[in-house]
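Just so you know, the UniProt record's numbering puts 171 at position 171 of the sequence shown, and the rest follows in order with no gaps.
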Amino acid sequence: MRSVNRCPAAAGWQERIVQKTASAGVFGAVGGALLSVSQQAPLLRFSATTAASCTFCMACFSVLVEGVRLLRCQDSPANSILAGGLTGYGLTAVHRGAARAGPASVWWAAAGGLAHVASDSAMAHGGFQGLLTRHLLLDPPEGVPQEVVESEPWDWLAWVPFLRKMSDDDWEAYQQKQQGAMSQRYSAVTDGNKQQQQQQEAVKDAPD
1 MRSVNRCPAA AGWQERIVQK TASAGVFGAV GGALLSVSQQ APLLRFSATT AASCTFCMAC
61 FSVLVEGVRL LRCQDSPANS ILAGGLTGYG LTAVHRGAAR AGPASVWWAA AGGLAHVASD
121 SAMAHGGFQG LLTRHLLLDP PEGVPQEVVE SEPWDWLAWV PFLRKMSDDD WEAYQQKQQG
181 AMSQRYSAVT DGNKQQQQQQ EAVKDAPD
């Protein structure tokens, strides 16, 4: 009998679980390799252990996320928060005891919610590929015109204490003040040279 998915938000749950779990395994292996070099531990064993741990944790989290999505029939950060809390509580209770499971579930829930928000923001801007394309690190796909987005430069002066951005009038007044000060210094140097020349001429003309 052909099954019918009555929740459109849960469609494609198999692909999402496999993709998230595989990605976690790859990142775990890479992170484990880097940690093994920094800690001078066996590379293969350390990276394999880290990859297995990340894969198992992400598999548990992904299954719970899709389960909550199916029950609520909507995609929202609340799904990741609930799934993160349940995953963190279960894994911590098994490895560290129930006393530490409560605080760990709070951290896992927060991490799940932040990851969901970051993922939605990245997908809204075209994902990782769109990020590289916007920063001119990757060519746009064929047939897709490259959008040129003109963004205003960051006004960093507004965030620096005791500094403010000068207006056009302030800048003109500042230039006039600088020119006036420069003219005064030039006049002072010229007058000093004239006085020095007069003194030298007076010394030459003085009788022996």
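Where is the CB? At the ideal position from N, CA and C, for every residue including glycine.
In angstroms, rounded to a whole number, what distance separates the CA positions of residue i and residue j?
i           : j    : result
V63         : I17  : 7 Å
A51         : S167 : 56 Å
M58         : T21  : 5 Å
A83         : T55  : 16 Å
T190        : E201 : 17 Å
Y89         : A101 : 5 Å
A104        : E172 : 60 Å
residue 210 : S183 : Absent from the structure is residue 210, since the part of the chain shown begins at 1 and ends at 208.
T92         : G85  : 11 Å
Q197        : Y186 : 17 Å
residue 209 : P77  : A query on residue 209 cannot be resolved here, the shown segment of the chain reaching from 1 to 208 and no further.
Y174        : A188 : 21 Å
Q39         : W13  : 38 Å
G67         : E15  : 14 Å
residue 248 : S23  : As shown, the chain starts at 1 and ends at 208. That puts residue 248 outside it, with no answer to give.
V149        : F27  : Below a pLDDT of 50, predicted positions are generally treated as unreliable, and V149, at 44, falls in that range; the measurement from the model is reported next regardless. For V149 and F27, the distance between alpha carbons rounds to 32 Å.
R45         : G97  : 26 Å
Taking its Cβ as the centre, do 16 or more other Cβ atoms sit within 10 Å of residue i, making it buried, or is it exposed?
i    : result
A99  : exposed
W107 : exposed
A181 : exposed
A109 : buried
F61  : buried
G25  : buried
If you drop the 5 nearest sequence neighbours on each side, which residues of the same chain put their C-beta closer than 7 Å to that of residue i?
i   : result
A9  : R69, C73, Q74 and D75
S80 : V65, G112, G113, A115 and H116
C7  : L70 and C73
G31 : T50
Using a Cβ-Cβ cut-off of 6 Å (strictly less than) and excluding sequence neighbours within five positions of residue i, which residues of its own chain qualify?
i   : result
L34 : none
Given residue i, which residues of its chain have a CB within under 8 Å of its CB, disregarding the five upstream and five downstream residues?
i    : result
L43  : A33, S36 and V37
G192 : none
Between residue i and residue j, is the Cβ-Cβ spacing less than 8 Å?
i   : j   : result
S53 : A29 : no
Please report whether the beta-carbon of residue i lies at a distance below 8 Å from any beta-carbon of chain B.
i   : result
V94 : Here there is only one protein chain, and chain B is not present.
Is residue i near the ligand ADP, going by C-beta to nearest heavy atom under 7 Å?
i   : result
T55 : What this structure holds is no ligand at all, so the ligand ADP is not there to describe.
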